[in-house]
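Everything in the sequence shown is counted per my numbering, starting at 1 for the first residue and increasing by one.
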Amino acid sequence: MSPIKIPVDLILNKLAEDVEKSQDRILKSKDVLLGPLDTSIATTPYEVLYEEDRVKLKHYIPTQKTQLKTPLLMVYALINRETMLDLQPGRSVVQNLLDEGVDLYMIDWGYPARKDRYLTIDDHVNGYMSNVIDFILHRHKLPRINLMGICMGGSFSIMYSALHPEKVQNLITTVTPSNFDTDKGLLHIWMKGIDVDRMVDTYGNMPGDLLNMGFLLLNPARLMLDKYVGFLENMDDKVFVENFIRMEKWIFDSPDVPGETFRQFIKDCYQKNLLIQSKMELGGRRVDLKNVTMPLLNIYGRYDHLVPPEACEHLTSRVGSKDTEDICLNTGHIGIYVSSKCQRELTPKIVGWLKERDETGATQVSRKDVSNISSVRKDAAKTRKTQAAASSKTRKQDPRESKS
């Protein structure tokens, strides 16, 4: 069989067309890139009701009559920012939940300073998270809250629910690692061999930029090459450019992670896999997953390269709850929150699931009652100072702290 011959004229015509299209795209992109662009993120209105150290509690302004009697607290990871959940109008989990009548709160972990390097997971779960939840319960005169954790924040939410089950009405985990004994994701392979002691002893807090570069290297062809080629091919499209810049702003807004928290999370979770075995300890108490007796909704992505399904799907079989559900969406780690298809699936499922289990009545405290709530803030701050003073006696002083 003779080889198929492609006419030279056809090749030259195709090249000429491509050059012409490229010229047109470059000319149009000048107007887009030099013109006004709306690249703002996290624009949904909110008020800050509680502050403790670097941590803030956001309460989003309701847009609909509240459909659930129990408010929902969302807990994001310490890595990157919670603004991913409110990226832009039309791609906002926050706005979708508000439109469904959810009374929504969010923890903003802020930006750790050098003085925060000794904060542990216990400080975050039994300290900040516990104080925030107590504040919300006091504000609404409720015994329990709905809790939703994202990624590392989901791991924290599991720990809190196991230690304080009496305060959690329903638990939702999304792309949350609980079983770290898997080789399906490159991140899990890396973390098993990492010398976390040397890293933390060297850096103090783990630099967000360093962690960010590590995540990019998990898939460099797609995350460091393909997406920028895609940008060049679409830079004459204003909507595409705006969405691209919004995502870049979120990706490279990377707070540092408190050193001791990072050390403990890598050692106890990634390297020893203590959480799923109910062997992890916080504040001298064992995190027993059998104490997670409240309803549990576990959502994860089939193509998640950071937290693969194997890291998520064992949770429901290890907890003590008899009301559990797993949902595996055909998406990746971030797509679960920003893809249009998942936007249509995620929020209705979460709200419908919560409505079926919304049993506790709620009475929200008015803004005029802030004077009563302030006492909770003072007690929380006093507790944090006492914990810090006690723990500092056993910690080695970092000479760089005097400069911070």
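Glycine included, C-beta positions come from ideal geometry on N, C-alpha and C.
Reference Met224; option with closest CA among Met213, Glu233, Met152: Per the C-alpha coordinates, the member of Met213, Glu233, Met152 positioned closest to Met224 is Met213.
With distances taken Cα to Cα, identify the nearest neighbour of Met152 among Tyr300, Arg344, Leu72.
Tyr300
Q: Specify, as a first and last residue, the run of the beta strand (DSSP E) that His59 falls within.
A: 55-60
Sort Gly185, Tyr118, Ile107, Tyr128 by Cα distance to Met148 and report the nearest one.
Ile107
Contact set for Arg25: own chain, Cβ-Cβ below 8 Å, skip 5 residues either direction:
Glu233, Met235, Asp236
Please determine if the segment 86-98 and the segment 109-124 are in contact, where contact requires at least 3 C-beta pairs separated by less than 8 Å.
-> no
| request: For the beta strand (DSSP E) containing Gly149, list its first residue and its last residue. | output: Here the beta strand (DSSP E) through Gly149 covers 145-150.
- Item | Beta-carbon proximity check, Tyr203 vs Gly259, cutoff 8 Å | yes
Ser278 versus Ser29 - alpha carbon distance:
55 Å
In this structure, how does DSSP classify Arg139 when only helix, strand and coil are distinguished?
helix
Q) Looking only at its own chain, which residues have a Cβ that is under 7 Å from the Cβ of Ser40, when we skip the five neighbours before and after it? A) Taken in chain order, the list of residues that qualify is empty.
Exercise. What first and last residue would you give for the alpha helix (DSSP H) that runs through Met106?
Worked result: Where Met106 is concerned, there is no enclosing alpha helix (DSSP H), although the beta strand (DSSP E) it sits in stretches over 104-108.
Exercise. Output the boundary residues of the beta strand (DSSP E) element that contains Leu74.
Key: In the sequence as presented, Leu is not what sits at residue 74; that position holds Met. Its beta strand (DSSP E) spans residues 72-75.
*asked:* On the DSSP letters alone, give me the boundaries of the beta strand (DSSP E) that Val48 sits inside.
replied: 46-52
For this session: To the nearest angstrom, report how far apart Lys355 and Asp103 are at their CA atoms.
Result: 13 Å
**Message:** Rounded to whole angstroms, what is the Cα-Cα separation between Leu210 and Asn170?
**Reply:** So the two alpha carbons sit approximately 35 Å from each other.
Check: Of all the options Ser155, Asn80, Asp256, which has the alpha carbon lying nearest to the alpha carbon of Asp268?
Finding: Nearest of Ser155, Asn80, Asp256 to Asp268, Cα basis: Ser155.
**Message:** Could you tell me the alpha carbon to alpha carbon distance between Ile136 and Pro165, rounded to whole angstroms?
**Reply:** Rounded to whole angstroms, the separation of the alpha carbons of Pro165 and Ile136 is 16 Å.
Exercise. Could you please give the first and the last residue of the uninterrupted alpha helix (DSSP H) stretch that includes Val351?
Key: Taken as a continuous stretch (DSSP letters only), the alpha helix (DSSP H) holding Val351 covers 340-356.
What distance in whole Å lies between the Cβ atoms of Val241 and Leu33, which are believed to be in contact at a cut-off of 8 Å? 7 Å
(request) Could you tell me the distance, in whole angstroms, from the CA atom of Lys227 to the CA atom of Met199? (result) 30 Å
Point to revise | Touch test, the segment 303-317 against the segment 338-352, Cβ-Cβ under 8 Å, three pairs minimum | key: No: fewer than three Cβ pairs fall under 8 Å.
Around the C-beta of Ser161, are 16 or more other C-beta atoms found within 10 angstroms, so that it is buried, or is it exposed? buried
Out of Asn205, Asn126, Leu186, Asn273, which has the shortest C-alpha to C-alpha gap to Gly283?
-> Asn126
Would you give the residue range spanned by the beta strand (DSSP E) that Trp173 belongs to?
A quick correction: the sequence has Thr, not Trp, at residue 173. Here the beta strand (DSSP E) through Thr173 covers 168-174.
Quiz item: With 16 other CB atoms within 10 Å as the buried threshold, where does Ala252 fall?
Solution: Looking at the sequence provided, one finds Phe at residue 252 rather than Ala. By the neighbour-count criterion, in which 16 or more other beta carbons inside 10 Å mark a residue as buried, Phe252 falls on the exposed side.
Subject >> Reference Asp288, options Leu297, Leu296, Gly332, Leu274, closest by Cα >> reply: Leu274
Quick one: residues in its chain with C-beta nearer than 8 Å to the C-beta of Lys56, no 5 flanking neighbours on either side, listed in chain order? Val48, Tyr50, Ile107, Asp108, Gly110
* To do: Report the option in Asn205, Leu346, Pro309, Leu85 whose CA atom is closest to the CA atom of Arg246.
  => Leu85
**Q.** Residue nearest to Arg114 in terms of C-alpha spacing, selected from Lys184, Val239, Asp53
**A.** It is Asp53 whose Cα lies nearest to the Cα of Arg114.
Taking C-beta to C-beta, are Pro71 and Ile158 nearer than 8 Å?
no
Worksheet item: Enumerated in chain order, which unbroken segments of the alpha helix (DSSP H) with a length of 4 residues or greater are wholly contained in the segment 233-268?
Response: 238-251, 259-264
Checklist entry - How many Å lie between Trp143 and Gln95 at the Cα? => result One detail in the question is off: residue 143 reads as Pro in this sequence, not Trp. If you take the alpha carbons of Pro143 and Gln95, they lie about 26 Å apart.
Can you check the segment 306-345 for any alpha helix (DSSP H) of at least 4 residues that lies completely inside it and give the ranges in chain order? 309-312, 315-318, 335-338
Is Ile350 near Ile172, with beta carbons less than 8 Å apart? Yes, the Cβ-Cβ distance between Ile350 and Ile172 is below 8 Å.
Note to self: Measuring only from the beta carbon, is Asp108 closer than 7 Å to any heavy atom that is part of the ligand MN?
What the structure shows: This structure simply doesn't include the ligand MN, nor any ligand for that matter.
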